[in-house]
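4 protein chains.
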Amino acid sequence: MLAYSGGLDTSVILKWLQTAYGAEVVTFTADLGQGEELGPARKKAEMLGIKPENIFIEDLREEFVRDYVYPMFRANALYEGVYLLGTSIARPLIGKRQIEIAEQVGADAVCHGATGKGNDQVRFELAYYANNPDIKVIAPWREWDLNSRTKLIEFAEQYQIPIAKDKRGEAPFSVDANLLHSSSEGKILEDPNVEPHVDVFQRTISPEAAPDKPTIIEIGFEKGDAVSLDGKPLTPAQMLTALNALGRDNGIGRVDLVENRFVGMKSRGIYETPGGTILYAAHRAIESITVDRGAMHLKDELMPKYAELVYYGFWFSPEREMLQVAIDKSQECVTGTVRLKLYKGNVIVIGRASPYSLYSQDLVTFEDDHGAYDQKDAAGFIRLQALRLRTLAMRKRKTGK
Amino acid sequence: MLAYSGGLDTSVILKWLQTAYGAEVVTFTADLGQGEELGPARKKAEMLGIKPENIFIEDLREEFVRDYVYPMFRANALYEGVYLLGTSIARPLIGKRQIEIAEQVGADAVCHGATGKGNDQVRFELAYYANNPDIKVIAPWREWDLNSRTKLIEFAEQYQIPIAKDKRGEAPFSVDANLLHSSSEGKILEDPNVEPHVDVFQRTISPEAAPDKPTIIEIGFEKGDAVSLDGKPLTPAQMLTALNALGRDNGIGRVDLVENRFVGMKSRGIYETPGGTILYAAHRAIESITVDRGAMHLKDELMPKYAELVYYGFWFSPEREMLQVAIDKSQECVTGTVRLKLYKGNVIVIGRASPYSLYSQDLVTFEDDHGAYDQKDAAGFIRLQALRLRTLAMRKRKTGK
Amino acid sequence: MLAYSGGLDTSVILKWLQTAYGAEVVTFTADLGQGEELGPARKKAEMLGIKPENIFIEDLREEFVRDYVYPMFRANALYEGVYLLGTSIARPLIGKRQIEIAEQVGADAVCHGATGKGNDQVRFELAYYANNPDIKVIAPWREWDLNSRTKLIEFAEQYQIPIAKDKRGEAPFSVDANLLHSSSEGKILEDPNVEPHVDVFQRTISPEAAPDKPTIIEIGFEKGDAVSLDGKPLTPAQMLTALNALGRDNGIGRVDLVENRFVGMKSRGIYETPGGTILYAAHRAIESITVDRGAMHLKDELMPKYAELVYYGFWFSPEREMLQVAIDKSQECVTGTVRLKLYKGNVIVIGRASPYSLYSQDLVTFEDDHGAYDQKDAAGFIRLQALRLRTLAMRKRKTGK
Amino acid sequence: MLAYSGGLDTSVILKWLQTAYGAEVVTFTADLGQGEELGPARKKAEMLGIKPENIFIEDLREEFVRDYVYPMFRANALYEGVYLLGTSIARPLIGKRQIEIAEQVGADAVCHGATGKGNDQVRFELAYYANNPDIKVIAPWREWDLNSRTKLIEFAEQYQIPIAKDKRGEAPFSVDANLLHSSSEGKILEDPNVEPHVDVFQRTISPEAAPDKPTIIEIGFEKGDAVSLDGKPLTPAQMLTALNALGRDNGIGRVDLVENRFVGMKSRGIYETPGGTILYAAHRAIESITVDRGAMHLKDELMPKYAELVYYGFWFSPEREMLQVAIDKSQECVTGTVRLKLYKGNVIVIGRASPYSLYSQDLVTFEDDHGAYDQKDAAGFIRLQALRLRTLAMRKRKTGK
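Chains as they are written, first to last, in our numbering: chain A, 1272 to 1672; chain B, 1272 to 1672; chain C, 1272 to 1672; chain D, 1272 to 1672.
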């Protein structure tokens, strides 16, 4: 049961499974919004000898956004302060579906095309094992000897696997994509002191190239999830698709970073998350008027742990589920609308409103508040907050320490 | 000992202290880079009857940035995900200096001009008490009955306190400023669903008005602190001044937010932190290649607590000091340079380099790594990471839970 | 609506409310297992002129243990490493019921007898406000001038309030009790360097006085809650009652501590929590075989925050509720039995078993494990765990830092 | 460079290194207070053909307690709520010394005798790699085929390695010991539902066997470290030795637990930490009067992470060092004395005193406090603490949520 993209690498893997393992291969190709047609994957699989009943192609876009992306955005998850986890969040779903189909067809092993240096191997395999503790996992890149592009191409030629022209030479960098983001890593991007060439970017125009006029949008939220755009209800996948288009056109969501991989080294990545970047800002804004301070600060304290779990591949872990129910609990009143100005890379919040708003003009006003708040209360509040600091200061006076 | 700005409000307080308390008032006016001249404050104090030896005016800009702003930026402190704590960080220093001068001149009480609804009263007074446990604190806004603008103006007129023309009517919003930021709050800004008028902004031009050509800069860091700009060494205050100018000209650092005050209500603020916004991005970038993953993730987990402490006014608390030594420990190798592109509100990292870089092209490369990393290790790594998830999955199979 | 114990202090408060406020007083007396009969409280209230329909007496023991004590024990909550929160956990329930009855009878204010120096005033009043934002709160100890025992006694005599003999002199210390614990504080206990006199203890015999023969018991758990003792099903209050008797007889559950109050000072308390101490140990033991490591470590990290919230009185806060759902999520399989040896102050776990056990003899055995675990996996696991430490060590070699 | 105990297993390893690797073996035997004489280890090493200059025997007891045990006790580290980390804390020191001696003698590989299922292999090897990134590690138990006791004995016989009589049969369980604790694991202890036989315990008598009369002791602390016993100054190792004797004689420090190993499975251990258990209670007690609430709660929140790092073997990691400096910062005034009653398994705090005490009878007293604390302050304190809860309650009234 192979996670099959239809590309050169997974086609080589397919053939290698047939030859090295003598396996009857079942392929699974998922549409997570990577932006490629799936028809060719079916044809190619057939051409490589896969029986039609062993070819599984599924559109998982709605499930992906609804059950993976949205819960994660409720948490405001940012890995190491900057990364919106676009690749990380896609792997658990693929892994889980692979296991489900494997059980359905009676496959005894699952296989993915991730390399032995990256995070994705971990994410895939933790998803496999969490959903089937006894499954056999095949990770060709850690096993075979096709460990150079030349050998891979030779193997492909030997077995008549079609090779796109631009794959003959070394690809200049490695790409992953889904409805949430595109990532580019490796090769010409490996020096973190060199700015990425403009060709690296795939799903956003540059801020410089974006229109001189801002775009104003309004996102409607319900229980922490975006449900409407400019008043029009959208499903999760429709929403992310629409926000991606808006982000792309306004040069939004590019990140150039050096991150710490779970397998222990630092790597440099160029990520584009146009819709997700807008969604993140909007979600923070609607939370700012609907979530209580105690809940918000707890969320902020839990977030780095949550993001780490997603990044490391522990989506199907009890601790991620514990954090999720806590986070979801905080979202019960995160309902309302946020207006945003999109302009040349900027996402600017210009308004937020909610029937569940905790913001009170009476409480905060510099004007007469009609008794909502007694300023004299602050004196006692401060005196007791200060008590332990005063006690420390008295000790210092007395002992010098 | 009054924290005296020279403005209308603190002039009224000064006179009120003389009349209501019969106090001999000592004034303290600090230059924290708020952008106003201090000469007029001296003249006004003299005019209100303060003896020259009781007028203290000090330039604290270097101390402010070096001992307060820089340590806080080492922590990447963001309150509620967005606020760079520009007002919060200035209060402890003012409060501490007030106490020091009060002790020097033998004053028995300190006084500030913060209102009873805000955070600043807490920050001032915690700083007072932490530095002198027995000090008497006078907070006029919580005590007097001049609780409307009309009464305040009447009082000012009664005592011949000069009133600037624009202060006669209600000020349209309230402003605070120092070298790190300007804030605007209250009055016409109180509805969080209304975009702030363009006149609110004081130290940045808008992204739209910024130049069409990006500005490229390089910031040099040493042990977590910015020490040079485009190769030229700068003191902390010089650095922040220079980054403020760069930020202002490129429309950088505007934030419109709703935050949770320590005294319990939500408030809306418009903040401008041009230099700080650049510094934050640059610091994260130099950390990304010089700080180990374990240290970085711990920092990220501690940050919300640290930011909360600064926001709440607990700068002089043992727990803030504990966090600070931990954070400072992590910065020992945060030395190197970061190149940034500033463009219409965007701060884009385009390069980072360090003699202490932990980034290794050998480890990360898709190419031959000459044995730096054995991909087979990943198999065992994943198998053991998965062991507990597999055990859970077996339980689920057996028990259904 | 007065929280009325029937004792001298709340009787004085009752009369004071009638005289100082001219109030029609409604009394509420709750049985939380403090071990006193409630009949006298009714009689005394009547004697002080309360109409029968204004006297509310309720047995809340089951609700107390089921909805407050048990959820808290699921969290393994310990304040400052030692205190099982016996007083803290009772206040929210009393406060909530007071508000409910106040609304039922149309009372416009609630009143409690806690002093102005302690935590209980905060816990009561936060519970009031969280359940009725507009309620008026009367805290006599912060308001009246009966601030010495002499004055209190005089007031009682003036209004013919019966005074127990031992109350005439200064009580030697202050006591609070409910089904979970007894606390003794203040007066002769105020010096933390003096061992408490043997008379202080009320619901436990000393370890020295306990039997020379251990008692063996078995507690059955279901989803984190104790449900049976030696095979016999018990309700929550029955369980705690039974464990209290076992604890008392074996000298278990005494704690002598100095704690940090929410209002800012340190205080010394002598606590007895016989049943709770047994329950805590048993719960940790059943968790040790049924809860996954990731979930357990997350629980342990969240616990101090949870305990702080309960101690400070924030039971009815969104952040406590967020933590609770996370904790409850972790308890789904915490089902099984724990055997314990009780002996002269010791609670010794001697066995734990569960149908949901995650403990696997196959995995852990020093003997042949039939392939459950491949020791070679550990090599790769360690190599990748070490990768970042090796990178740091290389930097140190190169740069000296 | 072999970590050599002189026992059967490491003697077999020694010979195996000579035969399988053809290695010139250097042995390192450390005295960490395991209670065995080191003379025999030297003789045995010589007998197995090790040159005298290649035999290293060191007494590391003082360094062990001073630089490892004491810093850890400053943190009040408890793994999973119960385990005082007695085995974990010894490994980093052994590993570090092995690397230092290896560099001194020019050894190119280090070797330990830990099995492939446990935590110790991780702890040793992380210590190796953190101190020498390029070192070669040999872990015989993961490599060789002597994977049954029979084969091991055969190998020993083949090479004339002396075999103690009781080692011929299966050892009934596996033991580790140092000055801080003894652990017993495996074999007859593998069923967590069976009480350990009385013979398992090695360094404590049972509570039942302990004297009927309590022992009273006084421990003096300086900056968080125990420095004197009953007024007599002791070095760290002397202190732990003395407390071990006191604990042993009073039946103190036995723990029977199921813990979660870093390598992924649960295991059952019987630990004896007599002196450490006393030290833990005493340290908490002296902290309770000398450490501020904010610092204490931060310590408590950081502790689980710290304990996890020590347990997992990350002593030499930047994040452990960050936590350590934060913890050490909190200990500056943890100076004073604690009196304890030791009685049949119980460690009972009966007094604490310090020149740096923050406990103030004036603040806490039920009596007249001479103005140290104004009870009216509490009203404002509570009102502002309640403000957000009241705002939530108003929302609930209005919206039902």
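Note that the Cβ used here is the ideal one computed from N, Cα and C, for glycine as well.
Please list, in chain order, the chain G residues whose beta carbon lies closer than 9 angstroms to that of residue i.
i	result
B/GLY1565	Protein chains in the displayed structure are A, B, C and D, and chain G is not among them.
Classify residue i as buried or exposed, calling it buried when 16 or more other Cβ atoms lie within 10 Å of its own Cβ.
i	result
D/GLN1602	buried
C/THR1300	buried
B/GLU1530	buried
B/GLY1310	exposed
D/HIS1554	buried
D/HIS1452	buried
C/GLU1425	exposed
D/LYS1367	buried
A/THR1421	exposed
A/ASP1641	Here the sequence assigns His to residue 1641 of chain A, which means Asp is not the residue at that position. Classification of A/HIS1641: exposed, given that the 10 Å Cβ count is below 16.
When DSSP builds the beta bridges, which residues end up paired with residue i?
i	result
B/LYS1407	B/ALA1380
B/SER1454	B/ASP1447, B/TYR1542
B/ILE1326	B/THR1298
B/ARG1659	Per DSSP, none; premise fails for B/ARG1659.
A/GLY1609	Here residue 1609 of chain A is Val; the residue named in the question, Gly, does not match the sequence. DSSP, once it has assigned bridges, lists A/ILE1490, A/ARG1623 as partnering A/VAL1609.
By Cβ distance, which residues of its chain are closer than 6 angstroms to residue i, with the 5 residues on each side in sequence left out?
i	result
A/ILE1560	ARG1623, SER1625, SER1628, TYR1630
D/ASP1447	THR1358, SER1454
B/TYR1430	LYS1286
A/ALA1401	PHE1587
C/ASN1325	VAL1297
B/HIS1383	ALA1274, PHE1395
Identify the continuous beta strand (DSSP E) that holds residue i and give its terminal residues.
i	result
C/ASP1542	It is Tyr, not Asp, that sits at residue 1542 of chain C in the sequence shown. Element bounds for C/TYR1542: 1537-1543.
D/ILE1487	1486-1493
B/ALA1448	1445-1448
B/LEU1634	From DSSP, B/LEU1634 is part of no beta strand (DSSP E) but of the alpha helix (DSSP H) over 1632-1635.
From which residue to which residue does the alpha helix (DSSP H) around residue i run?
i	result
A/ARG1474	From DSSP, A/ARG1474 is part of no alpha helix (DSSP H); its letter is neither H nor E.
A/ILE1598	1589-1601
B/ASN1617	Per DSSP, B/ASN1617 belongs to no alpha helix (DSSP H); it is in the beta strand (DSSP E), 1617-1624.
D/GLU1572	1564-1583
B/ASN1531	Run containing B/ASN1531: none in the alpha helix (DSSP H); it sits in the beta strand (DSSP E), 1525-1531.
B/LYS1314	1310-1318
A/LEU1349	Note, A/LEU1349: premise wrong, no alpha helix (DSSP H); not H, not E.
B/LEU1285	1279-1291
D/VAL1393	1391-1402
Could you name the residues of the same chain whose beta carbon sits closer than 7 angstroms to that of residue i, not counting the 5 residues immediately before and after it, in chain order?
i	result
C/ASP1527	PRO1467, ILE1541
D/ILE1328	THR1300, LEU1309, ALA1312, ARG1313
Below 8 angstroms CB to CB, which residues in the same chain sit around residue i once its five sequence neighbours on both sides are set aside?
i	result
B/LEU1573	ALA1346, LEU1594, ALA1597, ILE1598
Q.
Three or more C-beta pairs under 8 angstroms: does that hold for the stretch 1568-1582 of chain B against the stretch 1333-1353 of chain B?
A. Using a C-beta cut-off of 8 angstroms, the stretch 1568-1582 of chain B makes contact with the stretch 1333-1353 of chain B, since at least three inter-stretch Cβ pairs fall below that distance.
Q. Quick one: any contact between the stretch 1463-1482 of chain B and the stretch 1516-1530 of chain B, if contact means 3 or more CB pairs under 8 angstroms?
A. Taking a cut-off of 8 angstroms on C-beta distances, the stretch 1463-1482 of chain B touches the stretch 1516-1530 of chain B, as three or more cross pairs fall below it.
Q: Take every Cβ of the stretch 1327-1341 of chain D, pair it with every Cβ of the stretch 1494-1509 of chain D, and state whether three or more of those distances are shorter than 8 angstroms.
A: Because the criterion of three Cβ pairs below 8 angstroms is met, the stretch 1327-1341 of chain D and the stretch 1494-1509 of chain D touch.
Q. Are three or more beta carbon pairs between the stretch 1644-1652 of chain A and the stretch 1647-1659 of chain D nearer than 8 angstroms?
A. Contact holds: three or more Cβ-Cβ distances are below 8 angstroms.
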